[in-house]
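Undergrad: Count along the sequence shown from 1, add 2, and you get the number used in our numbering.
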Amino acid sequence: MSTPLDFVYQALPMRVVMGAGVLDRLADEIDHAGLKRVMVLCTPGQRQLAEKVAGLIGARAADIHAQARMHVPAESAVEAQRRAKEVNADGCVAIGGGSAIGLGKIVALKYGLPVIAVPTTYSGSEMTPVWGLTENGVKRTGRDPRVLPVSVLYDPALTVPLPTAVSVTSGMNAIAHAVEALYAPDASPVIDLMAEEGVRALAAAAPLAEPPGQRSA
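#1: If you compare alpha carbons, which of L14, A61, V74, M16 is closest to K141?
#2: Would a C-beta distance cut-off of 9 Å place A180 and E198 closer than the cut-off?
#3: Report the residue from G126, K54, P131, V192 whose alpha carbon sits nearest the alpha carbon of A178.
#4: Just the Cα atoms here: how many angstroms apart are Q48 and M72?
#5: Just verifying my parser: in three-state terms, what is the DSSP assignment at L43?
#6: Around the C-beta of G23, are 16 or more other C-beta atoms found within 10 angstroms, so that it is buried, or is it exposed?
#7: Output needed for I103: all residues of its chain with C-beta closer than 6 Å, excluding positions within five of it in sequence on either side, in chain order.
#8: At what residue ranges does the region 61-113 contain a whole run of the beta strand (DSSP E), taking only runs of 3 or more?
#9: Which residues does DSSP pair with Y156 in a beta bridge?
#10: Could you give the DSSP three-state label for P209: helix, strand or coil?
#11: For the putative contact between L105 and A82, defined by C-beta atoms under 8 Å, what is the C-beta separation to the nearest angstrom?
#12: When you compare only the Cα positions, how much space is there between V201 and A183?
#13: Assuming L155 and V19 are in contact, meaning their beta carbons sit under 8 Å apart, how far apart are those beta carbons, in whole angstroms?
#14: Hey, A35 and V152 are a contact pair by Cβ (cut 8 Å); roughly how many whole angstroms apart?
So, in structure tokens, the structure goes:
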């Protein structure tokens, strides 16, 4: 007979590096993962940030692929893999929001290239084994541990330039994900603690989301 305290908690095998300025440690994380040449994935709008990342990691940057798109169209994943083969990449760095990280997950799933995630929004896709792919106008999702990034770098400095509307929308999305975790099939007291703390922290921080130049006195 089970009791309310009976549960199973499976910790995800991933490395998290958090703190202001940890983007500067990306080269160390690439070395820690045993990667030599990584392709930097981003959306067209994040090209400038991707170029900064490529500069930080030097010869480890095989290429910048600034073609990530929302909902990961299948042709986008195929093109990313084609380019990875051309430049002889052995992994990817996905920097940005869900589009870039989602593309990195599919490349990891279908082609076996490890991904390091550098999120610039709050939704948390990089911390889950859930992937999504759009083929022939239909989006499919699934779960597979192979899509988990080998390392995630959380640098709060990367979220400062976000427009207020983007910060609020992404933050509300993160809150929704945390609430969903409370009644998910794999819910447990451990997950509850993280989800509740996540909601508290996000709700407290939301009013401070304006970039410095937009903050009212």
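Cβ atoms here follow ideal geometry from the backbone N, Cα and C, with glycine treated the same way.
TA: Here's the rundown:
#1: Working through the sequence shown from its first residue, we reach residue 141 at position 139. Of the listed residues, the one whose Cα sits closest to K141 is V74.
#2: In the sequence shown, the residue the question calls residue 180 occupies position 178. In the sequence shown, the residue the question calls residue 198 occupies position 196. Their beta carbons are under 9 Å apart, which means A180 touches E198 by this criterion.
#3: One-based indexing of the sequence shown puts residue 178 at position 176. The residue with the shortest Cα to Cα distance from A178 is G126.
#4: Walking along the sequence shown from the start, residue 48 turns up at place 46. Walking along the sequence shown from the start, residue 72 turns up at place 70. Counting only the Cα atoms, M72 lies some 13 Å from Q48.
#5: Taking the sequence shown and counting its residues from 1, the one referred to as residue 43 is at position 41. For L43, the secondary structure class from DSSP, reduced to helix, strand or coil, is strand.
#6: Residue mapping note: residue 23 aligns to position 21 of the sequence shown, counting from 1. By the 10 Å Cβ count, G23 comes out exposed.
#7: Within the sequence shown, numbered from 1, the residue matching residue 103 stands at position 101. Answer for I103: A96, A119, S127, E128, listed in chain order.
#8: Fully enclosed beta strand (DSSP E) runs of 3 or longer: 63-67, 93-98.
#9: The count along the sequence shown starts at 1 and reaches residue 156 at position 154. Residue pairing for Y156: DSSP places it in a beta bridge opposite M20.
#10: Counting from one through the sequence shown, the residue named residue 209 turns up at place 207. Residue state, collapsed to three classes: helix.
#11: Taking the sequence shown and counting its residues from 1, one reaches residue 105 at position 103. Taking the sequence shown and counting its residues from 1, one reaches residue 82 at position 80. Right, the Cβ-Cβ distance comes to about 6 Å (below 8 Å), so this counts as a contact.
#12: Residue mapping note: residue 201 aligns to position 199 of the sequence shown, counting from 1. Residue mapping note: residue 183 aligns to position 181 of the sequence shown, counting from 1. About 11 Å.
#13: As a position in the sequence shown, residue 155 is number 153, starting the count at 1. As a position in the sequence shown, residue 19 is number 17, starting the count at 1. Indeed they touch by this definition, with Cβ atoms about 5 Å apart.
#14: What you label residue 35 is simply residue 33 of the sequence shown in a count that begins at 1. What you label residue 152 is simply residue 150 of the sequence shown in a count that begins at 1. Contact holds; Cβ gap of about 5 Å.
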